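**Student:** Just so you know, we're using the numbering used here here: the sequence shown kicks off at 394 and counts up by one.
Ideal placement from N, C-alpha and C gives every residue a C-beta, glycine not left out.
Keep in mind it's a predicted model, so treat the numbers as computed, not measured.
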Amino acid sequence: MSHIPEKDLSHHLHNQEEEVHNNLFIINKLYKLCNNNSLSEVELVEKARPLIESLGKTNPIVAKELYEVLKSGDLEKINGYFKAEKAKLAEDLQREIKEHKGINQKINRETNDEHPTIS
């Protein structure tokens with residue numbers, strides 16, 4: 394079987410799609426924490442820290458920005474940040490899915506060309 398570079402790219406895009414999905418999940422959890430009015434600012438930062446550290450493994454720049462925003466204690470600034478970041482990640486995820494589907498279609502066409510079915 395010949396090596397198809399698109400399969401490697403498809404695998405890479407799938408991993409990126411998974412990473413974006415996980416980042417979106419973490420940001421959503423952080424957003425819910427920030428909207429929990431029963432938490433003090435100190436409790437919020439304490440509960441958010443492990444999530445931010447997890448996010449920092451794949452996206453250290455966003456994690457650092459997020460930590461700084463949370464430390465500010467400005468609820469309007471925090472909510473604005475989350476809304477913007479969620480929208481950006483959702484767009485990234487949709488783009489990754491679209492690219493992944495296109496590559497999979499190309500792989501399927503090439504595979505079918507190499508191994509046509511016998512009728």
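Report back the beta-carbon spacing between Lys-479 and Asn-421 to the nearest angstrom; my notes put them in contact at under 8 Å.
**Tutor:** 7 Å
**Student:** Quick one: complete alpha helix (DSSP H) runs, 4+ long, within the stretch 427-468?
**Tutor:** 434-451 and 453-465
**Student:** Are Leu-448 and Ala-456 close, meaning C-beta to C-beta below 9 Å?
**Tutor:** yes
**Student:** Is Leu-448 near the ligand NAP - that is, is its Cβ less than 8 Å away from at least one heavy atom of it?
**Tutor:** The ligand NAP is absent from the structure shown, which contains no ligand whatsoever.
**Student:** Excluding sequence positions up to five away, which residues of its chain have a Cβ less than 7 Å from the Cβ of Ile-496?
**Tutor:** These residues qualify, in order along the chain: Glu-399, Leu-402, Ser-403 and Leu-406.
**Student:** I'd like to know whether the C-beta atoms of Leu-426 and Leu-417 end up nearer to each other than 9 Å.
**Tutor:** no
**Student:** With three or more beta-carbon pairs closer than 8 Å as the criterion, would you say the stretch 430-445 touches the stretch 479-488?
**Tutor:** no
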